[in-house]
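Take a look at the structure set out below.
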Amino acid sequence: MAHIPDGVLSWPVLAAGGVAAAAAVTLGVRALDEQRIPRVAIVAAAFFALSLFSIPLGPSSVHLLLGGLMGLILGAAIFPAVLAALLLQAVMFGFGGLTSIGVNTINIALPGAIAGMIFAPLVAQADVARAALYGGICAACAVLGTGLMVSFSLYASSPDFAASSRIVVFSYAPLLIVEALVTGFCVSFVKRVKPELLARARSA
Amino acid sequence: MRLVLSLVAGLLLSLTAFSPAEAHRLRVFATVEKGEVSGYAYFVGGARAKGASVVFRDRTDGELHCMSAGGDGAFRWRPDPPQTIKIVVDAGEGHVGTLVIDRSRFMGARAQTEQDADEATLADASLSPLSRDLIEKTVDEAVARHTRPLLEKFEAMETRTRFNDIMGGIGMIIGMAGAALWALSRRKGGAA
Chain A
1 MAHIPDGVLS WPVLAAGGVA AAAAVTLGVR ALDEQRIPRV AIVAAAFFAL
51 SLFSIPLGPS SVHLLLGGLM GLILGAAIFP AVLAALLLQA VMFGFGGLTS
101 IGVNTINIAL PGAIAGMIFA PLVAQADVAR AALYGGICAA CAVLGTGLMV
151 SFSLYASSPD FAASSRIVVF SYAPLLIVEA LVTGFCVSFV KRVKPELLAR
201 ARSA
Chain B
1 MRLVLSLVAG LLLSLTAFSP AEAHRLRVFA TVEKGEVSGY AYFVGGARAK
51 GASVVFRDRT DGELHCMSAG GDGAFRWRPD PPQTIKIVVD AGEGHVGTLV
101 IDRSRFMGAR AQTEQDADEA TLADASLSPL SRDLIEKTVD EAVARHTRPL
151 LEKFEAMETR TRFNDIMGGI GMIIGMAGAA LWALSRRKGG AA
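In order, the protein sequences belong to chains A and B. In terms of the working numbering, the first sequence opens at residue 1 and continues consecutively. In terms of the working numbering, the second sequence opens at residue 1 and continues consecutively.
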C-alpha cells in the first residue's frame, strides 16, 4: 500500500513528492558521519528485506514498514535509508515505481522521522518497559501517518480514489498493531543491551 | 554496531516464519480458450484480488467492457469481434495490474497462416477445409487447456522474490555505504 506504483498518481503530486524527498534526503545526508553511515546502511537493508515480505490479509496483504523504529534509531537519516531501499525494490522487483519514488519516500519516512523526533527523548529517559511502550506507540503513530499520507496522495491525484482513500486508513489497522509489537520488542531489546543507540538518535 | 547486526539478523530470521509471500504487487494472469478471455488478478504472494474492478480496453485505450472480479479474483469475457485487448485490474489503494492479450491469441494457428502462400502445399488433400478448421480449432483448444496450468506455474515462479535477489539488494546497500565512507575519507584526506 505504501509502495504506490507508476501511473497512479498525478504529475503535481509526483512533482511535489519528488521535491520534498530531494530536500529531506539532502537534510538526511548532511546529518551523516562515519559512525552513522554503517548504521544507516544496516537499517536500510533491514527495511529493504522486511518490507518485501507480507502476510495475506483479507483482499490485500500487509508488510512491515519499520518507520517508527527507523525514526528512533536514525533520526533525519531515515530519508536516505528509505530512498535507497525503495530505489532497489523498484528496480529489482518492480515494487512501487520510479516516478513515484519521491512520494513513497516521503510517505514512509516523514511520519517515521516526526514520530522518532517526538518519542526519542521519551525512550531515552524511560526504563525498559516504558521504552518498549513508547517505541510501540511511536511505530503505531508512524504507520498511521503513512496511512494518512498514502490516502492523501491518492485523493490529491484523483477524486476517483476517494473511496480507496477512506478504506486505506482502515486497512492499516492490522499493520499498526503488528508494527507496534515488533518495534516495542526491538526497542526493549536495544534499551536493555545498548541504550546509547537510541539516545544518540536525538542528536540526528 | 554488533547489536544492530544481531537485531537485523533476528528480524531476517523471523521472515522464515512466513510463507513465500512478498510485497503486495498486483498481477494479472489470463489465457484465451474458445475465443473467451479468462483469468484472475492476484497479489504477488498468492492472495487473490477479490471484487477488483476489471476493465477491458482496445488498442486506443477505449473501454470495451467493464466488470467486477469474482470472490477469487477471477474474470471471464468474450470480446466480439476478437481483437488485441488490454486488461486493466484495479484493486483500489493504488494497486493496478495490466496485461495485454494479442489478437493472434484469439485467431488460432489457422488464421495466422491464412496469408501464407505455402498453405496449399501444407494442406492435406484428403481433408476438406471445414475438417481442417475443425481439427485446428480442436487442437488449439486442447493445447490452451493443457498449457494453462504450466503458464500459471510459470507466472507464479516469475513473480517469486528469490533469496539471491534479496541478498543482492542488501549487498548493494552495504556497498553504497562503503562508497560513501570512501568518499568521506577522501574528502577528509584532501582537507588535511
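From the three backbone atoms N, C-alpha and C, an ideal C-beta is built for every residue, glycine too.
*Is R186 (chain B) near the ligand PLP, in the sense that its beta carbon is under 8 Å from a heavy atom of that ligand?*
Annotation note on the ligand PLP: not contained in the displayed structure, which lists no ligands.
_E63 (chain B) beta carbon less than 9 Å from that of V55 (chain B)_ = yes
*asked:* Quick check: what's the CA-CA separation for M70 (chain A) versus I114 (chain A)?
replied: Between the C-alpha atoms of M70 (chain A) and I114 (chain A) there is a straight-line separation of about 11 Å.
*Neighbourhood of F84 (chain A) by C-beta, 7 Å cutoff - its chain only, sequence neighbours within 5 removed*: Reading the sequence as shown, one finds Ala at residue 84 (chain A) and not Phe. Around A84 (chain A): A44.
*asked:* To test your reading of the DSSP string, which unbroken alpha helix (DSSP H) runs of 4 or more residues are found completely within the stretch 94-143 of chain A?
replied: Those alpha helix (DSSP H) runs which fall completely within the stretch 94-143 of chain A and span 4+ residues are 101-125.
*Check whether the Cβ atoms of L133 (chain A) and G184 (chain A) lie closer than 9 Å to each other.*
yes
*asked:* Could you check whether L88 (chain A) and G169 (chain B) sit closer than 9 Å to each other, using their CB atoms as the reference points?
replied: In this structure, L88 (chain A) lies closer than 9 Å to G169 (chain B) by Cβ.
*When we look at the beta-carbon of V100 (chain B) and count the other beta-carbons within 10 Å, is it buried (16 or more) or exposed?*
Exposed.
*Determine the direct distance from the alpha carbon of H95 (chain B) to that of I42 (chain A), and round the result to whole angstroms.*
29 Å
*Using the beta-carbon of each residue, which ones in chain B are nearer than 8 Å to M92 (chain A)?*
D165, G168 and G169
*Interface partners of L184 (chain B) on chain A, CB under 7 Å*: E34
*Tell me whether V3 (chain A) sits in a helix, a strand or coil according to DSSP, three-state version.*
Correcting the residue type first, residue 3 (chain A) is His in the shown sequence and not Val. Coil at H3 (chain A), not helix or strand.
*asked:* Using a Cβ-Cβ cutoff of less than 6 Å, which residues in the same chain neighbour G17 (chain A) once the five nearest sequence positions on both sides are dropped?
replied: Once the five neighbours on either side are set aside, the close Cβ partners of G17 (chain A) are G102, V103 and I106.
*Would a check of beta-carbon distances place I37 (chain A) closer than 9 Å to chain B?*
yes
*Smallest Cα separation from E33 (chain B): which of B:V88, B:F154, B:R76 and B:L184?*
B:R76
*Counted within 10 angstroms of its Cβ, other Cβ atoms place F161 (chain A) as buried (16 or more) or exposed*: buried
*asked:* I'd like to know whether the C-beta atoms of L32 (chain A) and V40 (chain A) end up nearer to each other than 9 Å.
replied: In this structure, V40 (chain A) lies closer than 9 Å to L32 (chain A) by Cβ.
_Would A156 (chain B) and I87 (chain B) qualify as a contact pair, given that the criterion is a beta-carbon distance under 9 Å?_
no
*Could you pull the start and end residues of the alpha helix (DSSP H) that V100 (chain B) belongs to?*
That residue, V100 (chain B), is in no alpha helix (DSSP H); its beta strand (DSSP E) goes V96 to I101.
_Taking CB distances under 9 Å as the criterion, tell me whether A16 (chain A) reaches chain B._
no
_Per-residue DSSP class, three states only, for V29 (chain A)_ = In this structure, V29 (chain A) counts as helix in the three-state DSSP scheme.
*Secondary structure, alpha helix (DSSP H): runs of 4+ residues fully inside the stretch 36-82 of chain A*: Whole alpha helix (DSSP H) segments, 4+ residues: 36-50 and 67-74.
*With respect to the beta strand (DSSP E) encompassing A41 (chain B), which residues constitute its N-terminal and C-terminal limits?*
Here the beta strand (DSSP E) through A41 (chain B) covers E36 to F43.
*What is the C-beta distance between P80 (chain A) and V25 (chain A), in whole angstroms, given that I count them as a contact (C-beta under 8 Å)?*
5 Å
*In DSSP terms, what D72 (chain B) is bridged to*: Paired residue(s): none; D72 (chain B) is not in a bridge.
*Residue from B:S128, B:E141, B:S38 and B:A180 with nearest C-alpha to M67 (chain B)*: B:S38
*asked:* Helix, strand or coil, according to DSSP, for A183 (chain B) in the structure here?
replied: Judged by DSSP in its simplified three-state form, A183 (chain B) adopts helix.
*Name the one or two DSSP bridge partners that R59 (chain B) has.*
BP columns for R59 (chain B) are empty, so no partner.
*Can you name the start and end residues of the alpha helix (DSSP H) that T183 (chain A) belongs to?*
First-last of the alpha helix (DSSP H) with T183 (chain A): A173 to V193.
*So what does DSSP say about D90 (chain B), is it helix, strand or coil?*
For D90 (chain B), the three-state secondary structure derived from DSSP is strand.
*Proximity test, Cβ basis, 9 Å: P5 (chain A) and chain B*: yes
*Assuming F152 (chain A) contacts C138 (chain A) (C-beta within less than 8 Å), just tell me the rounded distance between them.*
21 Å between Cβ atoms; not a contact.
*Could you tell me if F47 (chain A) is buried or exposed, where buried requires 16 or more neighbouring beta carbons within 10 angstroms of its beta carbon?*
In this structure F47 (chain A) is buried. Its beta-carbon is surrounded by 16 or more other beta-carbon atoms within 10 angstroms.
*Starting from I174 (chain B), find everything on chain A with Cβ-Cβ shorter than 7 Å and list it in chain order.*
A41 and A45
*asked:* Just to confirm my understanding: we take R145 (chain B), look at its own chain, exclude 5 residues before and 5 after, and list those with CB closer than 8 Å. What are they?
replied: E33
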